[in-house]
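Residue numbers (the numbering used here), protein chains in the order written: chain A, 219 to 550; chain B, 44 to 376; chain C, 108 to 387.
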Amino acid sequence: MWLARLRYVFNRVLHGLPIIFAIVIVNFFLVRLAPGDAAQVLAGESGAATEEYMRQIREQFGLDQPLYVQFLSYMKNLLFFDLGYSFRHGREVSSLIFERLGATALLMGASMVLSVGFGILLGAIAAIKDRTFLSNMIMILAIVSYATPLFWVGLMLIIVFSLNLGWFPTSGIATIGAPLGFWDSALDVAHHLVLPALSLSFFYMALYTRLMRASMLETLGQDFIKTAHAKGISEGQVVRKHALRNAIMPVLTMAGVQVSAMLGGSVIIESVFGWPGLGLLAFESLFARDLNLLLGIFFLSSILVVVTNAIVDVIYTIVDPRIQLRSNTRNG
Amino acid sequence: MTTSSSVLSVRGLRTEFLSSEKTWFPVVNHVDLEVAPGETLAVVGESGCGKSMLAHSVLRLLPKKISRLQGGEVLLGGRDLTTLSDEKMRQVRGNDISMVFQEPMTSLNPLMTVGNQIAESILEHEDISTADATRRSVELMDLVGISEPAVRAHHYPFQLSGGLRQRIVIAIALACKPKVLIADEPTTALDVTIQAQVLRLIDDLKTEIGMGVILITHDLGVVAEWAQRVMIMYAGRKVEEADAETFFQGPAHPYSQALLGSVPRPDAQIDSGDFAPLVEIPGTVPPLNKLGPGCAFADRCAHRTAGCTQAVPDFIEVAPGRGVACINAGDLS
Amino acid sequence: MADLLNKNSVLRKIVTNVSGVISLVILGIIVLLAIFAPVLYPDGPFEMVGNPFMPPFGEFLFGTDMLGRDIAAGIAYGARISLLVGLVATFIIVLLGTVIGGLAGYYGGWVDTLMMRVTEFFQTIPTFIGAIVIVAILGPTLPNVIGAIAIVSWAPLARLVRAEVKKTVNLEYIEACIALGMSDIRILIVQILPNVLSTVVVAGSLMVATAILFESGLSFLGLGDPNIMTWGFMVGAGRSAIRTAWWMVTIPGLAILFTVLAINLLGDAFNEALNPRSKR
């Protein structure tokens with residue numbers, strides 16, 4: 219069984235490769251689409267960069283070579299995760315990115331769990347208590363959250379919970395200069411994480427709530443629910459053992475699709491809360507006009523999406539037996 | 044049919060639904076029925092006649108928000124099911140009285156192995172260990188004629204054919220040896236050859252366990268082959284009742300006659316004289332929330348008289364288990 | 108299609124829907140504000156009209172920002188940009204999505220495979236970061252912002268249209284049209300397009316809201332046209348004064364919230380009016 223699952227995962231990853239390749243091509247040509255000298259665009263400042271740096275860029279991107287040679291060397295560099303050099307930070311782009319990856323992963327993970335968890339919970343309640351006051355309140359909350367810009371949610375939470383109530387810090391990932399033990403510092407990070415994770419999950423929670431409600435209503439109307447009732451098992455068991463698991467499927471699919479959008483949202487949330495992840499790095503590179511760094515982030519976040527999608531597929535095979543076995547039979 | 048020999052008696056059952064205009068209208072109207080152990084009662088009618096509603100009412104499976112019971116009793120083993128608490132009713136369902144539904148393709152939870160779906164019912168109603176329940180479910184799969192039950196128990200519904208799935212549904216229904224099995228069009232969605240197998244299975248198990256069966260169908264061929272007694276429903280009411288032999292020899296209600304006229308007679312010979320041409324019943328079942336004062340069938344009836352639209356005809360019982368609801372019934376034969 | 112042509116019927120359904128009415132009223136106010144912005148605030152949104160940091164509901168309805176600019180004027184002018192971006196971006200998205208999804212669904216085969224591969228690519232890349240990259244490289248002008256939003260957003264619509272077209276193509280009367288020798292273009296435009304129209308209208312109306320949110324995010328990050336006042340920019344600029352002047356971030360944010368909310372509700376009302384079976 220696990221072999222079939224492994225093969226399935228391998229197929230999914232293979233499926234993602236052309237997309238990564240396409241991203242490489244797009245990245246390559248985007249720079250050349252920019253008005254003016256590509257080296258200057260990459261250096262990030264018209265004419266102000268040092269001659270040495272400009273030469274370095276021309277050399278790195280082979281801008282004096284024919285296009286196909288440029289492309290091949292670009293590809294070769296990417297293969298070794300050589301994303302170039304950030305003049306602003308005076309460091310390799312790849313090392314800069316990897317350093318920030320953890321914070322973004324933490325934020326995304328927490329927001330994912332929050333939004334999917336609450337979305338499923340609220341959506342299920344709204345469906346089970348359909349046409350009641352509680353259900354209407356949940357749906358109004360979902361409709362409003364669905365229309366609220368991420369950055370604004372973040373700022374409102376800061377105004378209320380940081381500035382007025384003083385419950386949570388306004389920014390950063392940890393208290394600076396506080397010498398702490400492992401558990402204390404973990405707690406400190408968690409304390410900093412609350413508001414950013416809530417802000418990022420707000421919109422997606424609304425999305426999953428709406429989806430879960432629709433899915434749950436549909437599932438509750440299906441024949442196998444009637445079969446379960448006819449067995450004489452309790453209402454709670456019908457919901458837990460039969461309805462919920464089936465209704466969750468579309469939400470899981472959607473959560474996988476939304477990883478890419480959530481990465482975009484993390485740029486906004488990280489810059490609102492000064493959360494030192496990829497998003498904040500992107501925001502900083504924007505201001506510094508450090509395009510090489512920005513392109514590196516774009517490239518890596520795309521790979522991140524491809525990988526996450528593969529992981530979501532694996533989770534799916536565990537939750538839904540039909541998928542895994544279908545691919546099993548297809549592969550012989 | 045005397046009450047003492049019945050395992051299930053339904054008396055004067057009336058179920059109402061809430062219309063979109065927020066008024067209540069009956070979908071099951073003053074229905075009586077009796078089922079004896081080891082007997083199959085066929086409930087027959089076109090779609091929308093209320094036969095499925097009747098079954099759901101007996102098991103109290105209708106959604107509470109839009110339906111309600113307005114009188115009548117459902118006696119099973121000396122208890123009136125209509126007065127039980129929800130919790131008590133839950134213990135009856137799947138235990139004393141079970142139901143098999145029409146759609147085998149969708150009647151099983153796609154994300155649960157079929158073995159677990161059978162075991163779930165046993166675990167719910169009996170004080171039994173999980174291992175024993177699993178063993179019982181394999182035995183049940185064997186009982187309903189599934190080969191390699193121990194292997195198939197670990198399969199998911201999508202891995203089984205429609206016929207096999209319906210056998211699983213039946214196994215679930217029989218898991219706790221119910222006194223009554225209600226089969227709601229159990230074979231409509233299946234191939235003809237599989238149909239016969241499934242009905243044969245129900246019939247065999249009926250005798251083996253000694254349960255009463257209510258077979259809901261619109262297929263008179265099925266009725267002729269498998270039922271001992273027949274009940275015809277129209278617009279939520281019982282319009283005729285008879286033992287199967289009497290019914291097929293001489294149906295008394297014009298609706299029954301029309302139904303019989305609209306199926307090809309399996310015994311009809313083209314070269315012999317008793318071939319009856321297929322007759323279609325004109326019109327359709329009227330919407331139940333828009334019924335007039337008279338007989339609901341009057342609009343489509345070939346024998347309509349002035350009295351038909353005056354009042355709903357009473358169900359006249361001429362002998363135990365034999366009756367008809369038609370004011371002209373006497374003149375029709 | 109009949110539903111859509113018979114405007115009275117669709118309109119009536121929307122007007123009889125409570126949230127439909129609310130959304131129409133909110134949208135009406137915002138549209139009026141956008142149209143009459145130059146009349147109400149002839150000096151434009153960048154004019155310093157009073158003291159900085161003046162709280163709302165005093166001399167100025169919504170107060171002033173840190174440079175003494177009237178926030179109400181910013182809201183009025185910002186409405187123009189939000190609506191413009193929402194409508195133009197949606198127009199391009201609908202055009203791209205319908206053409207690509209329509210061709211893929213109609214022709215199938217390698218056309219379908221190719222176009223779906225491209226669609227899949229655009230669905231995989233992180234759209235917001237993609238838009239940031241495009242605007243950052245091509246420069247922060249309004250057309251670039253609109254173009255970037257459209258380029259990264261058309262893929263889901265193309266998929267939707269493709270599915271609808273595939274459903275329609277298999278219908279018998281389309282086969283009859285092919286048998287009659289109608290040209291592909293004619294079949295696509297005259298026969299198939301009307302069938303996918305209600306799907307496109309509903310998806311498109313929600314797309315306007317998404318595009319507005321998208322634009323506000325970009326200008327919040329400072330990727331808007333520096334010569335244009337937008338709601339997202341106002342929130343971004345107000346951030347630095349968040350400790351003292353809550354209204355600078357709160358009020359423009361509310362403007363975005365109400366606009367997007369109204370459009371979403373209208374989209375839902377559209378959906379119920381055009382596809383009654385989806386109503387619960």
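Ideal placement from N, C-alpha and C gives every residue a C-beta, glycine not left out.
Note that the coordinates shown come from a computational prediction; the quantities given were computed from them, not determined experimentally.
Residues near residue i in its chain [Cβ-Cβ closer than 7 Å; skip 5 each side]
| i | result |
| --- | --- |
| A:GLY550 | Summary for A:GLY550: the model assigns pLDDT 28, below 50, so the residue's position carries little reliability, and this model does not support an answer. |
| A:LEU398 | ASP406 |
| C:GLY329 | GLY343 |
| C:CYS284 | ILE294 and GLN298 |
| B:ASP227 | SER95, ALA98, MET142, VAL143, PHE144, GLN145 and ILE259 |
| B:ALA345 | PRO297 |
| B:ARG136 | LEU102 |
Close beta carbons around residue i, own chain, < 6 Å, minus the five adjacent residues each side
| i | result |
| --- | --- |
| C:SER126 | LEU372 |
| B:PRO69 | ARG57, GLU59 and GLY279 |
| A:ALA465 | SER433, MET434 and THR437 |
| C:SER130 | ALA369, LEU372 and LEU373 |
| A:THR393 | ASP406 |
| B:ALA176 | ALA162, ILE165 and LEU166 |
Best match in the options for proximity to residue i [C-alpha to C-alpha]
| i | options | result |
| --- | --- | --- |
| A:VAL475 | C:SER323, C:PHE321, C:LEU194 and C:GLU227 | C:GLU227 |
| C:TYR184 | C:TRP353, C:GLY345 and C:THR337 | C:THR337 |
| C:ILE199 | C:ALA255, C:ILE299, C:GLY345 and C:VAL309 | C:ALA255 |
| A:LEU285 | A:VAL249, A:ASP538, A:THR322 and A:SER419 | A:VAL249 |
| B:LYS333 | B:VAL50, B:SER49 and B:THR66 | B:THR66 |
| A:ALA528 | A:VAL227, A:SER329 and A:ALA222 | A:VAL227 |
| B:GLN209 | B:VAL143, B:LEU248, B:GLY264 and B:GLY255 | B:VAL143 |
| C:PHE340 | C:PRO263, C:PHE327 and C:ALA348 | C:PHE327 |
| A:PRO236 | A:ASP538, A:VAL524 and A:THR268 | A:VAL524 |
| A:GLU488 | A:PHE442, A:GLY450, A:LEU325 and A:PRO468 | A:LEU325 |
| A:MET355 | A:LEU340, A:PRO367 and A:PHE369 | A:LEU340 |
| B:ASP129 | B:LEU151, B:GLN113 and B:LEU104 | B:LEU104 |
| C:GLY216 | C:PRO263, C:ARG269, C:PHE164 and C:ALA186 | C:ARG269 |
| A:TYR426 | A:ALA321, A:ALA360 and A:PRO539 | A:ALA360 |
| B:GLU360 | B:LEU233, B:GLU64, B:VAL50 and B:ASP75 | B:ASP75 |
Residue j beta carbon less than 8 Å from that of residue i
| i | j | result |
| --- | --- | --- |
| B:LEU56 | B:GLY115 | yes |
| B:GLY364 | B:GLU284 | yes |
| A:VAL490 | A:LEU373 | yes |
| B:ALA377 | B:ALA295 | Outside the displayed span of chain B (44 to 376) sits residue 377 of chain B, for which this structure offers no information. |
| A:ARG431 | A:ALA365 | no |
| C:ILE236 | A:ILE515 | yes |
| C:ILE133 | A:ILE377 | no |
| B:ALA287 | B:VAL266 | yes |
| B:LEU186 | B:ALA218 | no |
| A:GLY450 | B:ARG133 | yes |
| C:ALA141 | A:LEU512 | no |
| A:LEU499 | A:ALA415 | no |
| B:PRO80 | B:MET254 | yes |
| B:ILE324 | B:ARG347 | no |
| C:SER189 | C:GLU322 | yes |
| B:LEU302 | B:LEU244 | no |
Neighbourhood of residue i by C-beta, 8 Å cutoff - its chain only, sequence neighbours within 5 removed
| i | result |
| --- | --- |
| A:PHE379 | TRP385, PHE386 and LEU413 |
| C:VAL218 | LEU210 and ALA211 |
Presumed contact (8 Å Cβ cut-off) between residue i and residue j, rounded CB distance
| i | j | result |
| --- | --- | --- |
| B:ILE225 | B:VAL87 | In fact, because the Cβ distance is near 14 Å, the residues do not count as touching under 8 Å. |
| C:THR317 | C:ILE299 | Contact doesn't hold; Cβ gap of about 25 Å is too wide. |
| A:ARG318 | A:LEU496 | 5 Å |
| B:LEU119 | B:VAL223 | 7 Å |
| C:ASP150 | C:MET355 | That pair is no contact at about 19 Å. |
| request: Tell me the start and end of each unbroken alpha helix (DSSP H) in the region 92-169 of chain B that is at least 4 residues and wholly inside, in chain order. | output: 94-102, 129-135 and 157-168
| Complete alpha helix (DSSP H) runs within the region 380-457 of chain A (minimum length 4 residues, chain order) | 400-438 and 441-449
| Mind pulling the beta strand (DSSP E) runs of 3 or more residues that sit fully within the region 482-525 of chain A? | none
| Runs of alpha helix (DSSP H) lying entirely within the region 280-335 of chain C, each at least 4 residues, in chain order | 300-327
| request: Please go through the region 170-212 of chain C and give each complete beta strand (DSSP E) segment of 3 or more residues, from N-terminal end onward. | output: none
| said: So within the region 276-347 of chain A, which uninterrupted alpha helix (DSSP H) runs reach at least 4 residues, ignoring any that extend past its ends? | reply: 285-297 and 311-346
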